[in-house]
Amino acid sequence: MHGKEREDMSVQTSAYATDTLPADVDVVVIGGGAAGLNGALMLARSRRSVVVIDSGTLRNAPGEAMHGFIVLDGTPPPELLRRGREQVRQYGGRVVFGKVISAEPAAPSAEGDLRFSVTLPTARR
Ligand SMILES: Cc1cc2nc3c(=O)[nH]c(=O)nc-3n(C[C@H](O)[C@H](O)[C@H](O)COP(=O)(O)OP(=O)(O)OC[C@H]3O[C@@H](n4cnc5c(N)ncnc54)[C@H](O)[C@@H]3O)c2cc1C
Numbered sequence: 000m001h002g003k004e005r006e007d008m009s010v011q012t013s014a015y016a017t018d019t020l021p022a023d024v025d026v027v028v029i030g031g032g033a034a035g036l037n038g039a040l041m042l043a044r045s046r047r048s049v050v051v052i053d054s055g056t057l058r059n060a061p062g063e064a065m066h067g068f069i070v071l072d073g074t075p076p077p078e079l080l081r082r083g084r085e086q087v088r089q090y091g092g093r094v095v096f097g098k099v100i101s102a103e104p105a106a107p108s109a110e111g112d113l114r115f116s117v118t119l120p121t122a123r124r
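Going by numbering that gives the first Met the number 0, the sequence shown wraps up at 124, each residue one higher than the last.
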């Protein structure tokens, strides 16, 4: 399947409660599907400040239920992600509904750490 066809299969799920976008965090996770939320959960548990930015075009949104996923077999995909967002937030992570349009190197921190600047539409940064 070509990339364009694959892209067209994505389904916009409904927007969900969004947290405020912090000015500075240790990690920005782009995409709040299963992979992004799981990564964010581990980072938040490791006491990193983390924000997940997600545009909500969940890949398996057309499916009524997930299968072959231990414990949660039969769960509707949006429910998995709702619970995932809740768990990330329980550890202090934030989840922002929006689409990242660019990620670029920025000036290093005072300690010399590499930094990146992430841009959303409507000039949210
Ligand atoms: C029809 C279908 C049915 C499936 N059924 C099952 C099943 O029964 N069991 C199973 O285990 N797996 C199933 N899968 C596979 C499963 O959906 C994927 O393995 C899983 O969704 C991958 O998770 P992911 O987080 O990598 O990506 P995705 O679920 O695709 O999530 C990526 C997220 O990143 C966001 N994003 C992308 N670009 C940006 C950007 N620039 N800025 C902000 N956000 C962005 C998207 O909006 C999306 O919310 C199915 C897949 C499909 C297509």
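Heads up, the beta-carbon is just placed ideally off N, CA and C, and yes, glycines get one too.
Quick one: give me the first and last residue of the alpha helix (DSSP H) that Glu78 is part of. 76-89
How would you label Val28, buried or exposed, when you count the other beta carbons within 10 angstroms and need 16 or more for buried? buried
Please write down, chain order preserved, every residue whose beta carbon lies under 6 Å from a heavy atom of ligand 1. Ile29, Gly30, Gly31, Gly32, Ala33, Ala34, Gly35, Ile52, Asp53, Ser54, Gly55, Thr56, Leu57, Arg58, Asn59, Pro61, Gly62, Met65, His66, Gly67, Phe68, Lys98, Val99
Residue range of the alpha helix (DSSP H) that Arg93 falls in? Not the alpha helix (DSSP H): Arg93 falls in the beta strand (DSSP E), residues 93-96.
Just to confirm the assignment, what range does the beta strand (DSSP E) spanning Ala105 have? 101-105
Any idea what DSSP makes of Arg46, helix, strand or coil? coil
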